[in-house]
Amino acid sequence: MNAQLSPEQFGGAPVDDAEPAVRLREIPYNYTSFSDREIVARLLGERMWELLDELRHERRTGRSARMLYEVLGDIWVVRRNPYLQDDLIDSPKRRRLLVAALHHRLAEIDRRREVGRNGDEIARYDRVGALLAAAREAVGSFELQFAATTALRRRARRLLARHTRADNIRFDAYARVSHVTDATDWRVEFPFVVLMPDTEAEIAGLVRVCIELGLTIIPRGGGTGYTGGAIPLTPLSAVINTEKLEELRAVEMVSLPGVEPAVPTIFSGAGVVTRRVATAA
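Its first residue numbered 110, the sequence shown is counted upward by one per residue in this note's numbering.
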């Protein structure tokens, strides 16, 4: 009953069994669920994936393709690993060596492009040149992001510390990794910062600062949701962890500004600092 039907039985064209399958995960160090296409589109743009796909069928040795994929793999593995990010932020020398290695690979691809250039392959020459330009731009952005991240962290820490304790402001890899997903186990982007206020009185000030910094604000409870509501979709996001705000009181009917009639509310907070949260419209 489970026998597979051939394309001919569906009215389709016969399949050439000798045709090799296209490999879609050639980028090294990729231990994520992202395919090559998704990674290339994120780092270089969708048009560059189209060029890569065209050039895939024109490979000779494939060495230039492997070197380009190594460059993308190095960038991608750092983008998806906050521990590596922190290590490179703390070690400018190691960062310089990595960026130099990326540029070296791109220069070697360019050298091979020039050696293989001839009148019949000018279109290929131009397509590889477009890929190289996009890759160099990606490496440049990769290099600049460390200084930008350091500067934004410094500014954010200064402003946020006015509203909560310094140890409630978490930029470390452990905090970011543990808040990248909830019970769905979806991982899209790591948050820029995780905030863990002691009282609800701190939240208003923290929210104002996040807006000033241009951060997307994500409230999070215990991280047990199955709808993905606590998952960061942008690297410039702040997860506000409310696990400390665990005090709940009885339901009361309260008149709220601009809301008619009175609505059931709950006092929630930590310690003696509380606020009213509407439970229904």
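Think of the CB as a built atom: it goes at the ideal place given N, C-alpha and C, for glycine as much as any other residue. Just so you know, these numbers come straight off a predicted model, no measurement behind them.
The alpha helix (DSSP H) with residue i in it runs from where to where?
i: residue 217; result: 201–224
i: residue 155; result: 155–165
i: residue 173; result: 172–188
i: residue 316; result: 312–322
i: residue 262; result: 231–269
Between residue i and residue j, how many whole angstroms is the CB-CB distance? I'm expecting something under 8 Å.
i: residue 193; j: residue 187; result: 5 Å
i: residue 339; j: residue 327; result: 6 Å
i: residue 344; j: residue 289; result: No, residue 344 and residue 289 are not in contact; Cβ-Cβ is about 11 Å, not under 8 Å.
i: residue 178; j: residue 135; result: 5 Å
i: residue 207; j: residue 197; result: 7 Å
i: residue 251; j: residue 184; result: 5 Å
i: residue 346; j: residue 301; result: 6 Å
i: residue 244; j: residue 153; result: 7 Å
i: residue 263; j: residue 278; result: About 11 Å; that fails the 8 Å criterion.
i: residue 133; j: residue 144; result: 5 Å
i: residue 261; j: residue 318; result: Residue 261 to residue 318, Cβ: 12 Å. No contact.
i: residue 173; j: residue 218; result: 5 Å
i: residue 157; j: residue 240; result: 6 Å
When DSSP labels each residue in this structure, what does residue i get in the three-state scheme?
i: residue 278; result: strand
i: residue 144; result: coil
i: residue 354; result: coil
i: residue 329; result: strand
i: residue 191; result: helix
i: residue 343; result: coil
i: residue 198; result: helix
i: residue 368; result: coil
i: residue 363; result: strand
i: residue 289; result: coil
i: residue 78; result: Not covered by the structure: residue 78. The range shown for the chain is 110 to 390.
Compare the C-alpha of residue i against each of the options and name the closest.
i: residue 293; options: 203, 331, 258 and 184; result: 331
i: residue 360; options: 354, 375 and 352; result: 375
i: residue 358; options: 267, 241 and 373; result: 373
i: residue 204; options: 255, 190, 319 and 315; result: 255
i: residue 160; options: 195, 200 and 242; result: 242
i: residue 393; options: 139, 218, 172 and 202; result: This structure gives no information on residue 393, because the portion of the chain shown stretches from 110 to 390.
i: residue 333; options: 370, 321 and 295; result: 295
i: residue 162; options: 176, 363 and 146; result: 146
i: residue 337; options: 291, 362 and 298; result: 291
i: residue 354; options: 253, 173, 297 and 311; result: 311
i: residue 298; options: 170, 370, 325 and 202; result: 325
Within the continuous beta strand (DSSP E) that includes residue i, where are the two ends?
i: residue 302; result: 302–304
Okay, do the stretch 278–290 and the stretch 235–250 touch, 3+ Cβ pairs below 8 Å being the bar? The stretch 278–290 is not in contact with the stretch 235–250.
Below 8 Å, can you find three or more Cβ-Cβ pairs linking the stretch 302–310 to the stretch 271–283? yes
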